[in-house]
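Q:
See the structure below:
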C-alpha cells in the first residue's frame with residue numbers, strides 16, 4: 004500500500020494518475036451540453052448504496068470508471084451557460100492549477116513551520132485586499148472557509164469590542180434580506196433570541212437608514228447595547244447593496260461596529276466599471292469577501308478583513324505544542340493566531356495564481372460582463388408580459404416570476420412557478436433558483452458566467468413559461 008503514498012519514489016505514479024483524472028474531467032467538460040442530467044435521488048442513491056467501501060477496486064482506471072457512474076455523469080456543472088441558480092461561479096484555469104498544487108503539497112496554514120512561503124503569500128493577499136477596500140495601514144485579516152465563517156468571526160470581534168457586561172443586552176442590526184448567517188452567528192455567539200434586529204428594506208431591497216436610525220435610538224433608550232450593524236454589499240436574493248456611507252455615519256454616531264458582508268459584491272473591488280457602487284466600504288470595521296463567488300475561484304476561498312489588526316486578538320489562543328507566546332516576541336508569523344480554524348488549507352494560492360496570471364483587471368472585466376448581462380436580462384423581463392420582475396439589478400441577480408395572461412389565483416401562480424422550476428431541473432436543460440418575495444414564490448437567475456448570453460436567458464424564460472403553462476393547463480383540466 005506504500006505505493007499510494009505521494010513521495011519521491013511515486014512521483015511518476017502521481018503524474019500518470021492525476022493526468023488520467025484530468026483527462027476524464029476535461030473530456031466531460033468538453034462534452035457537457037446541459038448543466039444537469041436530471042437524475043433523481045431515487046435513481047442515483049441505489050448505485051452509491053451498492054458500493055462496498057471495504058472492497059477496494061485497486062486500480063485508478065476502475066475507480067474513475069465507477070466515479071463516472073456515481074458522480075461525474077450527474078454532477079451539476081456550473082461552467083455551463085444555462086446554470087443560472089445559486090452563487091456558484093465557473094472557475095478560472097490558473098485557480099484550478101493552484102488547487103492541484105496546494106492539494107499535492109498539502110501545506111497547513113496554521114503555523115509558519117508548516118507553511119513558510121504560504122504564510123507570506125496569504126498575508127500579501129490580505130494586504131492587497133485591504134488596500135483595495137481602503138481599510139488603512141493598520142488593517143489585517145485571514146482566509147476562511149466561506150462567508151458564514153467570516154461573518155461569525157467578524158461578529159465575534161464586534162461582541163468582544165462592545166465590552167458589555169451582559170450578552171443579553173447586545174443587539175445586531177441587519178436588513179430583512181441579509182444573509183441567514185447573521186442570525187446563526189448570533190446564536191453561536193451566545194446572544195439572546197431577539198439579538199438580531201431586522202431593518203426593513205425599500206422597493207430597491209436596500210436597508211432603510213431612517214428605520215436603522217430609529218432602531219439604534221430605541222436600542223440606546225432601552226438600555227441595550229448596539230453591538231454591530233451588518234450592511235450587505237450584494238444580498239443573496241437580490242444582489243442589492245445597502246447605502247454604505249449613510250450606515251457608516253450612523254455607526255460612528257452610535258459608536259457601533261460596522262461590518263460589511265460583501266461575500267457577493269466583493270467582485271466590485273476588481274471591477275473596471277462599477278467600483279463606485281461599494282463606496283463607503285472603506286469605513287467598515289470588518290468586511291467579508293468570498294473570492295469563490297465573484298473572483299471566479301474554486302470553493303473554498305474567502306476572507307475576513309478588519310480595519311484594526313489588534314481586534315483579531317479576540318480569536319487568539321496559544322498552545323505550547325503549536326504557537327507558544329514566545330513566537331510573538333520572536334516575530335514568527337503564525338496565522339492560527341488570527342483564525343477560528345487550526346488546520347487550514349492554502350486556499351490563498353488559488354487567488355495568487357489567478358492574480359499573477361490574469362491580473363485584477365482581468366477578474367474585474369469578467370465580473371463586469373455578468374453585471375452587464377443582468378441589465379440585458381432585466382430589460383428582457385421588463386418587456387415580457389409573461390413575467391413580473393422585482394427590482395432592477397445592482398449586481399448580477401434577477402428575481403422574477405411567471406404571470407399568466409388570464410386572471411388566476413395567486414396561490415395557483417405560486418404553484419405554477421414552483422412546478423416550472425422543478426420541471427426545468429428534472430429536464431436538465433437549465434438550473435434556476437427560487438425564493439419568496441412578500442410571501443409569494445419567485446424564481447431567480449444568479450448570473451455569474453460570462454459565457455451566458457442574452458439568448459440563453461431568453462431561451463430559459465421560454466422554457467419556464469412553457470412548464471408553467473403546462474401546469475396551469477393540467478390544473479384547469481383537473482378542475483373541470
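Numbering (this note's numbering), first residue to last: 4 to 483. Backbone N, C-alpha and C define an ideal beta-carbon position, used for all residues, glycine too. Every value quoted in this text rests on a predicted model; they were computed, and no experiment measured them.
Output the distance between the C-alpha atoms of residue 65 and residue 418, rounded to the nearest integer angstrom.
A: 44 Å
Q: Could you spell out the range, first to last residue, of the beta strand (DSSP E) harbouring residue 404?
A: 400 to 405
Q: For residue 79, which of helix, strand or coil comes out of DSSP?
A: coil
Q: Identify, in the order they occur along the chain, each residue of the same chain with its Cβ nearer than 6 Å to the Cβ of residue 271, setting aside the five sequence neighbours on each side.
A: 277, 278, 280, 281
Q: Is the Cβ-Cβ distance between residue 372 and residue 453 less than 8 Å?
A: In this structure, residue 453 lies closer than 8 Å to residue 372 by Cβ.
Q: How far does the beta strand (DSSP E) with residue 341 in it extend, from its first residue to its last?
A: Careful: residue 341 lies outside any beta strand (DSSP E) and carries neither H nor E.
Q: Can we say the region 131 to 138 touches the region 153 to 168, given the rule of at least three CB pairs closer than 8 Å?
A: no
Q: Take every Cβ of the region 418 to 433, pair it with every Cβ of the region 30 to 40, and state whether three or more of those distances are shorter than 8 Å.
A: yes
Q: How long is the line joining the alpha carbons of residue 226 and residue 172, rounded to whole angstroms?
A: 8 Å
Q: Could you please give the first and the last residue of the uninterrupted alpha helix (DSSP H) stretch that includes residue 17?
A: 14 to 34
Q: Considering only the alpha carbon of each residue, which of 143, 353, 21, 283 lies closest to residue 342?
A: 143
Q: My guess is that residue 78 and residue 449 are in contact by the Cβ rule of under 8 Å, so how many angstroms apart are they, rounded?
A: Not quite, the Cβ-Cβ distance comes to about 18 Å (not below 8 Å), so this is no contact.
Q: What residue does the beta strand (DSSP E) around residue 225 start on, and which one ends it?
A: Run containing residue 225: none; DSSP gives neither H nor E here.
Q: Which residue from 457, 427, 461 puts its Cα closest to that of residue 470?
A: From the listed residues 457, 427, 461, the smallest Cα separation to residue 470 is found for 427.
Q: How would you write the range of the alpha helix (DSSP H) that residue 175 sits in, first residue to last?
A: From DSSP, residue 175 is part of no alpha helix (DSSP H) but of the beta strand (DSSP E) over 173 to 178.
Q: Name, in chain order, the residues that DSSP records as bridge partners for residue 244.
A: 236
Q: Given a threshold of 16 other Cβ atoms within 10 Å of its Cβ, counted over all protein chains shown, does residue 119 qualify as buried or as exposed?
A: exposed
Q: Rounded to whole angstroms, what's the CA-CA distance from residue 156 to residue 388? Just pull it up for me.
A: 45 Å
Q: Quick one: does residue 241 have its CB under 8 Å from some CB of chain D?
A: In the structure shown, chain D does not exist; there is a single protein chain.
Q: According to DSSP, is residue 208 part of a helix, a strand, or is it coil?
A: coil
Q: Decide if residue 117 is buried, meaning its Cβ has at least 16 other Cβ atoms within 10 Å, or exposed.
A: buried
Q: What are the complete beta strand (DSSP E) segments, minimum 3 residues, inside the region 365 to 398?
A: 390 to 392
Q: Use the C-beta contact count for residue 97: other C-beta atoms within 10 angstroms, 16 or more gives buried, fewer gives exposed.
A: buried
Q: Are there 16 or more other CB atoms within 10 angstroms of the CB of residue 102, so buried, or fewer, so exposed?
A: buried
Q: Would you mind stating whether residue 200 and residue 170 have Cβ atoms separated by less than 8 Å?
A: no
Q: In the DSSP assignment, find the beta strand (DSSP E) that holds residue 422 and state where it starts and stops.
A: From DSSP, residue 422 is part of no beta strand (DSSP E) but of the alpha helix (DSSP H) over 413 to 430.
Q: Which residues bound the alpha helix (DSSP H) around residue 1?
A: Because the chain spans 4 through 483 in this model, residue 1 falls outside it and cannot be assessed.
Q: Identify every run of the beta strand (DSSP E) within the region 443 to 472, keeping only runs that are complete inside it and at least 3 residues long; order them along the chain.
A: List check, beta strand (DSSP E) in window: 443 to 449.
Q: What are the boundary residues of the alpha helix (DSSP H) that includes residue 331?
A: 329 to 332
Q: Am I right that residue 266 and residue 150 are in contact with their C-beta atoms under 8 Å? What's the rounded C-beta distance?
A: 3 Å
Q: Is the region 390 to 410 close to the region 454 to 473, with three or more CB pairs under 8 Å?
A: yes
Q: Output needed for residue 483: all residues of its chain with C-beta closer than 8 Å, excluding positions within five of it in sequence on either side, in chain order.
A: For residue 483, the predicted structure reports a pLDDT of 48, less than 50, and the residue's modelled location is therefore unreliable. A value from the coordinates is still provided. Counting only Cβ-Cβ distances below 8 Å, and skipping sequence neighbours, we find nothing.
Q: Determine the direct distance from the alpha carbon of residue 391 to that of residue 410, and round the result to whole angstroms.
A: 14 Å
Q: Which whole runs of the beta strand (DSSP E) in the region 280 to 331 are 3 residues long or more, in chain order?
A: 289 to 293, 305 to 309
Q: For residue 201, write down the residues that DSSP places opposite it in a beta bridge.
A: Here residue 201 is bridged, per DSSP, to 177.
Q: So, residue 467 versus residue 451, is the Cβ gap smaller than 8 Å?
A: no
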